[in-house]
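**Q** Dropping the structure in here first, questions after.
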Amino acid sequence: MKKTKKVLAALLTVGTLGMGALASTVVTPTVAAAKTTKKAPKKHKYLLVMGHGAGDPGARGNGASEANYLRKKMLPKLKKYAKKTKRSDITFYNPKHNIVRDTFVYHKGSYKVPKNTTVIMFHLDAAGGHGGHVIIQKKKPTPRDKRTAAVIKKYIGLNPAYRGYSYRTNLRNCNVLRRRHIDYSLIETAFIDNRSDYKKLNKNMDKIAKGYIQAITNEKIK
Ligand SMILES: [Zn+2]
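Per my numbering, residue 513 is the first one in the sequence shown, and the count goes up by one each step.
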């Protein structure tokens, strides 16, 4: 019964869309109609991951831990702006979990990320340095990487060691995504143990989060 209702609803919707949407589909109209309805509006899927957690604090400094800072300060702001997007379907990796552990201990995590998802991992650096950078998947930064680095440059400053980007192939969790042909970037926003970075991070968190969501999705948020 449920199925019949769904197909009927789909047919009704197609009436308003016109037949153009079906032109390239070589299946019966009923199936095509159901398919069209399911796919509209087409939103790109994003999975945002706040680094570490599940017992791993990550980097430490200024009385804070990377895992805690990302979850308590950055995550709520990212969520706030993620809701304002129109063409993007943004979900957050369960903050009680650590994707690296899930991947390598349980063979889940990055092994279970659906294809056609863009994965963005958020981290904070520590121990001798300042500024942020983007760890990129390809040798050259993508337009998204460039937009992301511009946000870091504006509100924190770039890590002079990388000048925006670091192409790395020795990060095991990232390599699982790479082998599965899943698009990803890893963002190191700032050094958690650098006083100046930490101050800027706290002061600009709202703008940084808004900038990141805009940079990642390439959508303009009001
Ligand atoms: Zn980290």
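By construction, the Cβ of each residue, glycine as well, lies at the ideal position given by its N, Cα and C atoms.
Are P653 and A662 touching if we call contact CB-CB under 8 Å?
**A** no
**Q** Is there contact between the region 642 to 650 and the region 690 to 697, where contact requires at least three CB pairs shorter than 8 Å?
**A** yes
**Q** Cβ of V688 within 8 Å of Cβ of T615?
**A** A contact, by the Cβ cut-off of 8 Å.
**Q** State the Cα-Cα distance for the pair R572 and N730, rounded to the nearest angstrom.
**A** 32 Å
**Q** Tell me which residue opens and which closes the alpha helix (DSSP H) that E700 is part of.
**A** Not the alpha helix (DSSP H): E700 falls in the beta strand (DSSP E), residues 696 to 703.
**Q** By the DSSP assignment, the beta strand (DSSP E) with L561 in it spans what residues?
**A** The residue you asked about is not Leu; residue 561 is Val in the sequence shown. In the DSSP annotation of this structure, the continuous segment of the beta strand (DSSP E) that includes V561 starts and ends at 556 to 562.
**Q** Can you check which of these residues, G563, I728, S600, is closest to K585 by C-alpha distance?
**A** G563
**Q** Using 8 Å for Cβ pairs, my map puts I725 next to Y593. What's the rounded Cβ distance?
**A** 4 Å
**Q** Check for me: the alpha helix (DSSP H) holding Y724 runs from which residue to which?
**A** 707 to 729
**Q** Runs of 4 residues minimum, wholly inside the region 596 to 624: which ones carry the alpha helix (DSSP H) assignment?
**A** List check, alpha helix (DSSP H) in window: 611 to 616.
**Q** Between which two residues does the beta strand (DSSP E) holding D637 run?
**A** 629 to 637
**Q** According to DSSP, is Y581 helix, strand or coil?
**A** The answer is helix: DSSP assigns Y581 an H, G or I state.
**Q** Using a Cβ-Cβ cut-off of 8 Å (strictly less than) and excluding sequence neighbours within five positions of R690, which residues of its own chain qualify?
**A** Q649, T681, Y696
**Q** Assign A727 to buried or exposed, taking buried as 16 or more other Cβ atoms, counted over all protein chains shown, within 10 Å of its Cβ.
**A** Burial state of A727 is buried, judged by a 10 Å Cβ sphere holding 16 or more other Cβ atoms.
**Q** Quick check: what's the CA-CA separation for T629 versus L560?
**A** 10 Å
**Q** Determine the contact status of S577 and G567, defining contact as a CB-CB distance below 8 Å.
**A** no
**Q** Which residues bound the beta strand (DSSP E) around Y593?
**A** Segment 587 to 594 is the alpha helix (DSSP H) holding Y593; no beta strand (DSSP E) there.
**Q** What does a CB cutoff of less than 8 Å around V625 pick up in its chain, not counting 5 residues either side in sequence?
**A** The answer, listed in chain order, is L559, V631, L689, R692, I694.
**Q** Can you look up R576 in the DSSP assignment and give me helix, strand or coil?
**A** Looking at the sequence provided, one finds Ala at residue 576 rather than Arg. Note: A576 maps to strand in three-state DSSP.
**Q** In the DSSP assignment, find the alpha helix (DSSP H) that holds Y667 and state where it starts and stops.
**A** 655 to 667
**Q** What are the boundary residues of the beta strand (DSSP E) that includes H645?
**A** 645 to 648 is the span of the beta strand (DSSP E), which, as asked, contains H645.
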